[in-house]
Every structure is written in structure tokens, then in C-alpha cells.
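See below for the structure under consideration.
There are 2 protein chains.
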Amino acid sequence: MTQLARRMSRIQPSAIREILKVTERPEVLSFAGGLPAPEAFPVAELQRAHADVLAADGAAALQYATTEGYAPLRAWVAARMARRGMRVEPEQVLITAGSQQGIDLVAKVLLDPGDTVVVENPSYLAALQAFQAYEARLAVVSSDEQGMRVDELERLLRKTKPKLVYIVPTFQNPRGTTLSLERRAQLAELSARHGVLLLEDDPYNELRYSGEPLPAIASLEERAPIVHLGTFSKTIAPGLRLGWAIAKDEVVRALILAKQSTDLHTGALAQRAVLRMLQSFDYDAHLRRICALYGERCRAMLEALARTFPSGSQWTHPEGGLFIWARLPEGIDCGELLLEAARENVAFVPGAPFFARNPQLNTLRLNFSNRSPQLIAEGMARLGACAARRLAGSPQRAAGAPPP
Amino acid sequence: MTQLARRMSRIQPSAIREILKVTERPEVLSFAGGLPAPEAFPVAELQRAHADVLAADGAAALQYATTEGYAPLRAWVAARMARRGMRVEPEQVLITAGSQQGIDLVAKVLLDPGDTVVVENPSYLAALQAFQAYEARLAVVSSDEQGMRVDELERLLRKTKPKLVYIVPTFQNPRGTTLSLERRAQLAELSARHGVLLLEDDPYNELRYSGEPLPAIASLEERAPIVHLGTFSKTIAPGLRLGWAIAKDEVVRALILAKQSTDLHTGALAQRAVLRMLQSFDYDAHLRRICALYGERCRAMLEALARTFPSGSQWTHPEGGLFIWARLPEGIDCGELLLEAARENVAFVPGAPFFARNPQLNTLRLNFSNRSPQLIAEGMARLGACAARRLAGSPQRAAGAPPP
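Chains L and Y, in that order, give the protein sequences.
Counting from 1, position 262 in the first sequence corresponds to residue 331 in the numbering used here; the numbering is continuous, with no gaps.
Counting from 1, position 51 in the second sequence corresponds to residue 120 in the numbering used here; the numbering is continuous, with no gaps.
Pasting the structure below:
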């Protein structure tokens, strides 16, 4: 079964699963996963909503359902997106099993083996895996504090003729940075002019703690072929597996057909329960509570980094989302740092796997949403101490040491 | 976007979606979908189970979860399969979003464009779609009253060197027939000897109304590379999207990795709620109730067919499952029959789309699980009358009529 083995190795992320197993030990202070805070889940409201739906409409909620999703939920998503300036008909909304499925379906519909996908470098790991599962070639553009370097993109479009450009424009995973308004407009215009499909993966948009909201790229240029992905995973609960893909008619029809043979439809009870909850509680107030909670944690981590990380370290200053991206002084391999950190019962994700090209070994991703400010301070203190020790022992600093 | 269009046309089942829209009209007596009876859903038990899980363990049930599935549910499935003679470790069980996802993941892991998949002719429509989405070539073996003609298979294995043989061995969709024990053993032996992966899709196995249970093919030959799929969709509720794939270590690892980039994991709340329910009620008694209900409906349909279908018609006599497969006299096109039947507010699925080769236009699939015996009698009477009218008007019988 060599074919199988070949595919497996392509899909296997570089030992990231093993790394994450460390973080499952209860004594470990983990900043690895992109986990929302469980105390932010509207548990009681979801409990009531599930009970109400099963009582009022159990037969429909438990039966097979349409592939495109529960019509009133599609309408809710379309109306919500209108608030971001997108003109969306409910028929353009496909309800997906989280936005990860949106990524997979776009890849399934669009990619033949050998096709090129442009990604940021670094980018969301599970998107890279999804594209690689369809044997895509990855072409990379770099990023700075304003997100993707769109000025690099046009040359790349001419050179590689990609099928798809993938971007997390707002509070990016892994870097936490946000694409500026000017670059959003440029990107939309490039997508329209080159006719290249832009996959705008926007799971964190509602989690803004400072600065001004920015329009979705999909709202900026009517002629651009853009698929916009959203999700309830970060704002309600990931365990329900509910997201959505929005696309123009021809593309959304293709996505629906692809989903039909993939899993028939998204969980019907979950769709109805979430809509029921959205109709009976103040979602915006809920979002304000989450943003207050996560904003405090984000600031706590930024302060802790400034206190505890070795001099020469840098990190991003996100205005929202779940992640801070840090770069330690040269010479520190964050894979090795993780092994040492795990012994101190603290965990994170090394940055290298997020790079489709030229991994920077001295980078790491830190999640701040899943721990209290006190535990963030404690975790960063331990991690900073580990980094300082490794730095002291690294060949660069320890001039007299033998080469490794 | 020609690539997209090309793929769409490959995935598009022949107008089946349009056909099924007819059946959504509330006044239509539909025997089209493979729908369980909603009165068989354990609504109150699921309501209690969801409430209990959210109360006791809401944070975990709503959080991201492992791709392979909730460990205690995997253990439950492994123990259940042991009762069918399969030796399964919990680590060999992947919890999927219904067994449709199991089909898709096997195709994703195994198939390159142009690879051959052997299917029964006719076979489960959404499996054909899933294989075609990965640009597989389909090779067909015929079926008789004992299921797949395994004697035809060996020659086909030599000739086409397929990557995969797909079969619904028990109460097949669409024909309702069951593979005999002798053929099961032959098939397992062929899979082992040729090293060809056998995908045993077994969603209906627990729905037996007469005859003796048969072992899973996966239990018959240790050396055979078999992926076995099961589901709660027919026995608990399809709207929850819960199924499982069982495979040997290397294959299950590949499936888990493929699922990770497809949708991260199956709904965590649904997994925990179903396990909670299974631990607190008598599942086997529940299955006996469903089998009594569906068995009565199956018999009602068989009796109605004998009363109402035109002479020269034939149909299968399933021992379980959801479907009867009928063949009307030559000259009746069941696609045209459906248009006429829809005017009489009765619906079914024409047989042609289930054939990967040589569609038989005079065949149709009838679902009996979703309507009462009274409505089945009424629906078959209307349908039989439509068929008789078409037969009277068909060129074969109406000797003086001009050719169509």
C-alpha cells in the first residue's frame, strides 16, 4: 500500500500531533491549541436551545437534512454578513462542519494535482495540510505587521498562475496580524483582474479587542471571485462543528455538490439549536463579554512577554483573535525549546510547521485565550526562563562552546 | 472557471436533486429518500442525554476534540463489533460524520485520478459520486438475489487491478439484497489474496426483520485489508451525523490524518450525548422496536406491490434494511413514470442513476421505512395505476402506436 504511505507522509504535519500530546497532560500549562476559553461557552443557553428544539421539532432536527444547510440559519448568516458590507443572498451560504470543511471543499472542487495555491508564509497549518492532501504545490508570499505583502503577490500571480490564493486576513493564524484596508482593496482588485479565486478565511473577525473593524475583502470588489469562510467555533463553541462558506452562485453550487458526497450535510440538531439560541439571546452582548475576557488575556500575555522573554525577542501585537507570534533571538530552535518547556510543564507550538517554505526555527505561536492572566504570567515566566537558559547555552552566545 | 465546471458535471448526479425536490412537497407520499421513521427516533432520551452532558461536562462537549473521536465512544463501537465476531481495538475505530464521510475519507486516502474502483451495478448513488469526485474509474460487477456476483469479481480484479472494491453487503442500497455467507467468505479471501482494499459499508445491518444474522466480511479473514463502516444514522438518528470507520492500524492512521484536514473532528457534543444515551437505555430493545416497525412496513409494501403492480413486474424480498428494488415490464421508463407519479402526489427514485454502467430504465427504488402501512398501500396503489397506464400506452403493448 505504497500509495497510501505516500499520501500519509504528505498529509502528516511535522510531528505536530506528537507535540500536542504533551499538552494533554493536565499539569501542563498549554498555550499550544487555538482553544477558546470554555468559560466563554454559552452552556446554559445551548442546553436550553437543544431542549427546546428537540421538544418542538425533534423529528426534523434528527432527520436527514439538506446539504446546503438549515434555511433559517443560512438567512441569519446572510443578514449578519450584510452588516459587514457583504451583499449575500441566503442561497449563497453553505453551512459547513466548521470552516475547516470550507477550506477542504474549496480545495476539492478547485484543485487538480500539481495546481498552485498561494499562501502566506507562515500560514494556518491545517489549511496547508488540506491543500497538500489534494497534491497542490504551495507558493508563498511573505507577511509583515500589516499582513500579507500584497505587493509581492502580483508578480507571483503572473509567474505561478495559481488556482487559489488563501488568506486569513484578520488576526491571522499564526501571526495575529491584520491585513490593512489598503491591502484588502489591492487584493480584491488583483483577484478580480487575474480571475484567481481568493479564499478569505475569517474565523477570528468578531474577536476584536482594539482598533477599528475592517470590511471583509469579499465586500470590496463585486467582480472578484472570492469564497468567504466564517464560523461559530470561536464565538459560540467549536465542538458543535458549525461554520459557513459564502460564494457566488456557480461556486456555491459546486461546493454544495462536493459536500453532498463528503458528508451529506452538517449536523441538523446543532444547526437548529444554534439558530434557536441566536434568536433568543443577545449575541452581540455575548461577543462583547468574550472580547473583554480575551482582550484582558491578550494584554496580560503582551505584558508577560515584555517582562520575561530574553532581550532580542520580538512579538506581534494583535488587535484581536487568539494568537501572538514570537521570534526569539537567532540560535534558539523552538522545537528543542518545547522539549525543555514540556519538562517545566508549559507548552506552545513551534513556528516551523506553519511555514510552507524556509521555516524559521526561532519562532513560536502562543495562544492566550485559554488561560487566565495569572496562569499566562506564570507560563510566560517559565517559558522565558527556558528560552534564556537555551540562549545562554547556544553556540552564538557561548563563544567557547564546541559546535553542536 | 472551466475546471470547476468540469468537476461539477462529474459530481452532479443525473438530475436526482431535482427529482428529490418533488418529494419535499408536503402533499407528496414519498418513497424516495432513505429516511428512517421519525417516530423511531429516541427523542426524549436524546433530549435527556444532551442536557446531562451539557450539565456535567459542557466545557469538554463544546470544545475542540480529538480527530479520532471520543475515546469511550470508540470503545463502545469496538465492543459492539466484537459481538459480530470482529476483533477490534478502540484505537482502530475512527468516529466519522456519518458513514458517508467514511466512504469519502477512504477515497481521499486511496485514490489517484484514473484509479479503478469496483462497484456493484447498481450501487449506492452517493458512493458513486464520492468515487467520481476523486476522478476514479468505475468497474462494475452484477448482482443477483444473493448480492454481488463474486464469481465475476476475480476476473475483474485481474483485468482492472482496482484500488478498491466497494460493497454494501447487507440489505443493499438500492436493491435490498444480502450477500450470502459463502460469498462473504469468497470475497474476504479474494481481498486477502489480491491485496485489494475492500470497503464494507454496512449501515443497515442492525435492521433485520427476518432470516439469520450474518457475520461482517471484516470478521472472516484476518489477512484481508478491509475497512468496515457503520453508523448510528439508521438506528438512532441521521441528523446527528455519527458513524464510524474500522481499519487496521496503518489505514486507520491515514484516515485520521485525512479527516484532520477535512473537518478537524466529528461533533463532540453529539458523540458524548449518544454515548450517554447508550449507557443509560436498552439499545437492543430499541432496535427490536425499530425492527418490528420497519418489518411491518416492509411486509406491507411487498403485499401492496403484489396487489397493485402490473403483471410482469418483479421486486426483491429484503430481509431487512430500508429498500425494495422493483423492475417493471420492459418499455416503462421510470424517469417518465416519476413525472406522472408526481402529478398523483407519489414519489420514488428511478433506478437508472444507481447504475455506473448500462442503466436499466425500468427499475426503481422504493423506501418503506418512512410511511405507515396504510400510506404504503395507498402510495403503491397510485403508483401501480400510473405504471399500468404507462404500460398500456407504451410502444411494446400498443402495437399500432407510432414509435416514440
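Note that CB positions come from ideal geometry on N, CA and C, so glycine has one too.
Keep in mind the model is a prediction, meaning the values are calculated, not measured.
Q) For Glu172(Y), which beta-bridge partners are listed by DSSP? A) It should be noted that the sequence gives Ile, not Glu, for residue 172(Y). Paired residues: none, contrary to the question.
Q. Taking the Cβ atom as the reference point for each residue, do Val97(L) and Asn431(L) lie within a distance shorter than 8 Å?
A. no
Q: Compute the Euclidean distance between the alpha carbons of Gly127(L) and Glu114(Y), then round it to the nearest angstrom.
A: 11 Å
Q: Give the range of the alpha helix (DSSP H) segment to which Glu319(L) is assigned.
A: 318-332
Q | Opening and closing residue of the beta strand (DSSP E) in which Arg206(Y) lies | A | Looking at the DSSP string, the run of the beta strand (DSSP E) that includes Arg206(Y) is 206-213.
Q. Per DSSP, what kind of secondary structure is Ser83(L) in: helix, strand or coil?
A. For Ser83(L), the predicted model reports a pLDDT of 48, less than 50, meaning its position is unreliable; a value from the coordinates is still stated below. Assigned with DSSP and collapsed to three states, Ser83(L) falls in coil, not helix or strand.
Q.
From the DSSP secondary-structure annotation, give me the bridge partner or partners of His297(L).
A. Glu269(L), Ile315(L)
Q) Taking 8 Å as the CB-CB cut-off, is Pro107(Y) touching chain C? A) This model lacks chain C altogether; the protein chains it does include are L and Y.
Q. Is any beta-carbon of chain L found at less than 8 Å from that of Asp220(Y)?
A. no
Q.
Against chain Y, does Met70(L) count as a neighbour if the rule is that its beta carbon must be under 8 Å from one of theirs?
A. Because Met70(L) carries a pLDDT of 48, less than 50, the predicted location of this residue cannot be relied on, and the following value inherits that uncertainty. At least one chain Y Cβ lies under 8 Å of Met70(L).
Q | Nearest neighbour of Val187(Y), chosen from Leu309(Y), Glu251(Y), Leu163(Y), Arg218(Y) [CA to CA] | A | Arg218(Y)
Q: Please report the residue range of the beta strand (DSSP E) in which Glu189(L) lies.
A: 185-190 is the extent of the beta strand (DSSP E) around Glu189(L).
Q. From Ser288(Y), Arg341(Y), Pro398(Y), pick the residue whose C-alpha is nearest to that of Lys317(Y); which is it?
A. Ser288(Y)
Q | Euclidean distance between Cα positions of Gln132(L) and Arg440(Y) | A | Between Gln132(L) and Arg440(Y), the C-alpha separation is close to 14 Å.
Q: Check whether the Cβ of Phe423(L) lies closer than 7 Å to any heavy atom of the ligand MN, and answer yes or no.
A: In terms of ligand content, the structure shown is empty, and the ligand MN therefore cannot be addressed.
**Q.** Any C-beta of chain Y under 8 Å from that of Ser192(L)
**A.** The C-beta of Ser192(L) comes no closer than 8 Å to any C-beta of chain Y.
Q | Member of Cys367(Y), Gly453(Y), Glu204(Y) whose CA lies at the smallest distance from the CA of Glu409(Y) | A | Gly453(Y)
**Q.** Where the stretch 329-354 of chain Y meets chain L: residues whose CB sits under 8 Å from a CB there
**A.** Cβ contacts with chain L come from Gln329, Ser330, Thr331, Asp332, Leu333, His334, Thr335, Gly336, Ala337, Leu338, Ala339.
Q) What runs of the alpha helix (DSSP H), each 4 residues or longer, lie entirely inside the stretch 348-381 of chain Y? A) 352-377
Q: Consult DSSP for Met217(L) and reduce its assignment to one of helix, strand or coil.
A: strand
Q | Secondary structure of Met70(L), DSSP reduced to three states | A | Only weak support exists for where Met70(L) lies, its pLDDT of 48 falling under 50; the value from the coordinates is given anyway. It is coil, neither helix nor strand.
Q) Is Leu233(Y) helix, strand or coil by DSSP? A) strand
Q: List the residues of chain L whose Cβ lies closer than 8 Å to the Cβ of Pro379(Y), in chain order.
A: In chain order: nothing, as chain L lies at least about 31 Å away.
Q: Following the continuous beta strand (DSSP E) through Ile393(L), name the residue where it begins and the one where it ends.
A: 392-396
Q) Cα separation between Asp220(Y) and Asp353(Y)? A) 36 Å
Q) Out of curiosity, what's the CA-to-CA distance linking Ala361(L) and Arg277(L)? A) 9 Å
Q) Using a C-beta cutoff of 8 Å, does Pro231(L) count as contacting chain Y? A) no
Q. Of all the options Asp332(L), Gly264(L), Glu405(L), which has the alpha carbon lying nearest to the alpha carbon of Thr136(L)?
A. Among Asp332(L), Gly264(L), Glu405(L), the Cα nearest to that of Thr136(L) is on Asp332(L).
Q | Gly167(Y) at chain L interface by Cβ criterion, 8 Å | A | The beta carbon of Gly167(Y) falls within 8 Å of a beta carbon belonging to chain L, placing the residue at that interface.
(Q) Just list the residues that DSSP pairs Ile164(L) with in beta bridges. (A) Trp313(L)
Q.
Assuming the contact rule is C-beta atoms closer than 8 Å, Leu267(L) and Val175(L) should be a hit. Round their C-beta distance to whole Å, please.
A. Actually they do not touch by this definition, with Cβ atoms about 10 Å apart.
Q: Can you tell me which of the three DSSP states Ser438(L) falls into?
A: coil
Q: May I ask which residues mark the beginning and end of the alpha helix (DSSP H) holding Ser249(Y)?
A: Ser249(Y) -> no alpha helix (DSSP H), and no H or E assigned at all.
Q: Kindly give me the distance between the Cβ atoms of Arg252(Y) and Trp394(Y), rounded to whole angstroms, as I take these residues to be in contact under 8 Å.
A: Contact flag wrong, Cβ pair sits at about 18 Å.
Q. Got a sec: is the Cβ-Cβ distance from His119(L) to anything in chain Y below 8 Å?
A. yes
Q. Buried or exposed: which applies to Gly183(L), given that a residue is buried once 16 or more other Cβ atoms fall within 10 Å of its Cβ?
A. That one is exposed.
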